[in-house]
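>
In this note's numbering, the protein residues as written are 87 to 482.
1) I'd like to know if the segment 396–407 and the segment 349–356 are in contact, where contact means that at least 3 CB-CB pairs between them fall below 8 Å.
2) Bridge partners of residue 177, per DSSP?
3) Measuring alpha carbon to alpha carbon, tell me which residue in 310, 157, 354 is nearest residue 363.
4) Near residue 436, which residues of its chain fall below 6 Å by C-beta distance, leaving aside the five closest residues on each side in sequence?
5) Would you mind stating whether residue 319 and residue 148 have Cβ atoms separated by less than 8 Å?
6) With residue 124 as the anchor, note down where its beta strand (DSSP E) starts and where it stops.
7) In this structure, does DSSP put residue 209 in helix, strand or coil?
8) For the alpha helix (DSSP H) that residue 357 lies in, which residues bound it at each end?
9) Classify residue 417 as helix, strand or coil using the three-state DSSP reduction.
10) To the nearest angstrom, report how far apart residue 271 and residue 458 are at their CA atoms.
11) Report the three-state DSSP secondary structure of residue 398 (helix, strand or coil).
12) With distances taken Cα to Cα, identify the nearest neighbour of residue 283 among 177, 344, 140, 153.
13) Tell me the rounded alpha-carbon separation between residue 380 and residue 356.
14) Would you call the segment 287–294 and the segment 253–263 in contact, with 3 or more CB pairs under 8 Å?
15) Could you work out which residue in 217, 207, 175, 339 is closest to residue 187 when comparing CA atoms only?
16) Under three-state DSSP, which class holds residue 155?
17) I believe residue 303 touches residue 324 by the beta-carbon criterion, under 8 Å. Please report the beta-carbon distance rounded to the nearest angstrom.
18) Just how far apart, CA to CA, sit residue 206 and residue 199?
19) Put residue 288 into one of helix, strand or coil per three-state DSSP.
20) Would you be able to state if there are at least three C-beta pairs under 8 Å between the segment 246–253 and the segment 217–236?
21) What are the boundary residues of the beta strand (DSSP E) that residue 216 is part of?
22) Would you call residue 209 buried or exposed, if buried means 16 or more other Cβ atoms sit within 10 Å of its Cβ?
23) Could you check whether residue 378 and residue 454 sit closer than 8 Å to each other, using their CB atoms as the reference points?
24) Looking at the structure shown, is residue 195 part of a helix, part of a strand, or coil, going by DSSP?
25) My guess is that residue 322 and residue 258 are in contact by the Cβ rule of under 8 Å, so how many angstroms apart are they, rounded?
26) Within the continuous beta strand (DSSP E) that includes residue 300, where are the two ends?
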């Protein structure tokens, strides 16, 4: 059946409005405006987007592309195909295009040497080494172009389908594009899925070939709880940064790009993080096990089925704001009986203006068996009638 957008039933709207509209008398939350052409602020726990600006517009990633390079390496390790002790050969191509002679960011790996993957990852992440990125690509896929195809496939498998990669380094290529939103969710995936390997992003410095280099991420030197991720800049895109920080158990992920210089990049990222930690509070919308809404069932012993989330449902909302949030349940419907308890049915989507603040899966809270012949016949008549009405409405 075609995807249908059904409104949240009245109970859900009543609950959301009652919990998310704060008492009158409070000033509205500060309206933040970033100077970055591209920006996004994400709450990791809820998936809520707290701020966005051109978040779905394609942009040049520069070295932010190395987040996808690192993802592939982490996946190879998790799959048992490589270990941190695996030795990576530094080819003449990797040395010439990304080594000390290239003039770009490098870990200064020696040509024709063999470097353990653990050190390659530090060179890639801490130094933003292009030689490390190319050598890793060649070790995994034979050449950089083939590796870039793997990068694209792996992020698309995560649902990040706008991103396209053409190399492992982030060097300029007109077909290499990403979005702020997809970089934020890619970072969130890395943090949650590979917590041990993620620690490399917070490493302050790394010495290789007797050359000590500091991590290029300026947030790490600030007292804001930052522990990652990457910076990038080339002429085609300006200065960008994907960062993450934790305060009082809350993790925020920030993306900024297109800024004029490194100072503005650091300043805008910090401002966004500090504003996020300061300006939002958590509100519980539904308790664990509470019914969130209902979905229609065709041919079942009952015509509706209760839906619930896994665990409690909470939102981050602006402190002191009277701004309302809109909620809806999205699912393919009506559902076809039988429906088993625990089956994923749809998603609860909550928006604040044009910003999607929450999207979580909803599951059947009960089992609905196939109904009697009489019940199924009535449902068939109803579906035929409403189908005729829908077609007539489309023609009018």
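Cβ atoms here follow ideal geometry from the backbone N, Cα and C, with glycine treated the same way.
The short version:
1) Contact fails between the segment 396–407 and the segment 349–356, because fewer than three Cβ pairs, one in each stretch, are under 8 Å apart.
2) Translated into the one-based positions of the chain shown, residue 177 becomes position 91. In DSSP, residue 177 forms no bridge with anything.
3) Position 277 of the chain shown, counted from the first residue, corresponds to residue 363. When the alpha-carbon of residue 363 is set against those of 310, 157, 354, the nearest one is in 310.
4) Taking the first residue of the chain shown as position 1, residue 436 is located at position 350. Taken in chain order, the residues that qualify are 411, 413, 443, 444.
5) For the purposes of this step, residue 319 is taken as the residue at position 233 of the chain shown. For the purposes of this step, residue 148 is taken as the residue at position 62 of the chain shown. Against a cut-off of 8 Å, the Cβ pair of residue 148 and residue 319 comes out as a contact.
6) Numbered from 1 along the chain shown, position 38 holds the residue referred to as residue 124. That run of the beta strand (DSSP E) goes 124–129.
7) Taking the chain shown and counting its residues from 1, the one referred to as residue 209 is at position 123. If DSSP states are grouped into helix, strand and coil, residue 209 belongs with the helices.
8) Here residue 357 corresponds to residue number 271 of the chain shown, with the count starting at 1. First-last of the alpha helix (DSSP H) with residue 357: 348–365.
9) Against the chain shown, residue 417 aligns to sequence position 331. For residue 417, the secondary structure class from DSSP, reduced to helix, strand or coil, is strand.
10) Reading the chain shown from its first residue, position 185 is the one you call residue 271. Reading the chain shown from its first residue, position 372 is the one you call residue 458. Computed Cα separation, rounded: 46 Å.
11) As a first step, residue 398 is located in the chain shown; it is residue number 312 there, counting from the start. In the displayed model, residue 398 falls within coil according to three-state DSSP, outside both helix and strand.
12) Locating residue 283 in the chain shown gives position 197, counting from the first residue. When 177, 344, 140, 153 are compared, the shortest CA-CA separation from residue 283 is found for 153.
13) Your numbering for residue 380 matches position 294 in the chain shown. Your numbering for residue 356 matches position 270 in the chain shown. Rounded to whole angstroms, residue 380 to residue 356 spans 42 Å at the Cα level.
14) No: the two stretches stay apart, fewer than three of their Cβ pairs being nearer than 8 Å.
15) Counting from 1 along the chain shown, the entry for residue 187 is found at position 101. It is 217 whose Cα lies nearest to the Cα of residue 187.
16) Working through the chain shown from its first residue, we reach residue 155 at position 69. In this structure, residue 155 counts as helix in the three-state DSSP scheme.
17) Translated into positions along the chain shown, residue 303 becomes position 217. Translated into positions along the chain shown, residue 324 becomes position 238. No, residue 303 and residue 324 are not in contact; Cβ-Cβ is about 17 Å, not under 8 Å.
18) Residue numbering aside, residue 206 sits at position 120 when the chain shown is read from its first letter. Residue numbering aside, residue 199 sits at position 113 when the chain shown is read from its first letter. So the alpha carbons of these two residues sit roughly 12 Å apart.
19) In the chain shown, counting from the first residue as 1, residue 288 sits at position 202. When DSSP states are grouped into helix, strand and coil, residue 288 belongs to the helix group.
20) Output reads yes: the segment 246–253 touches the segment 217–236.
21) Residue 216 sits at position 130 when you count from the first residue of the chain shown. Taken as a continuous stretch (DSSP letters only), residue 216 belongs to no beta strand (DSSP E), being part of the alpha helix (DSSP H) at 216–227.
22) Reading the chain shown from its first residue, position 123 is the one you call residue 209. Residue 209 should be labelled buried.
23) The sequence position of residue 454 within the chain shown is 368, counting from 1. The sequence position of residue 378 within the chain shown is 292, counting from 1. At a Cβ-Cβ threshold of 8 Å, residue 454 and residue 378 do not count as neighbours.
24) The residue given as residue 195 occupies position 109 in the chain shown. Residue 195 falls in the coil class under three-state DSSP.
25) Position 236 of the chain shown holds residue 322. Position 172 of the chain shown holds residue 258. Right, the Cβ-Cβ distance comes to about 5 Å (below 8 Å), so this counts as a contact.
26) Along the chain shown, read from residue 1 onward, the residue named residue 300 stands at position 214. Following the DSSP letters along the chain, one finds residue 300 inside the beta strand (DSSP E) bounded by residues 297–300.
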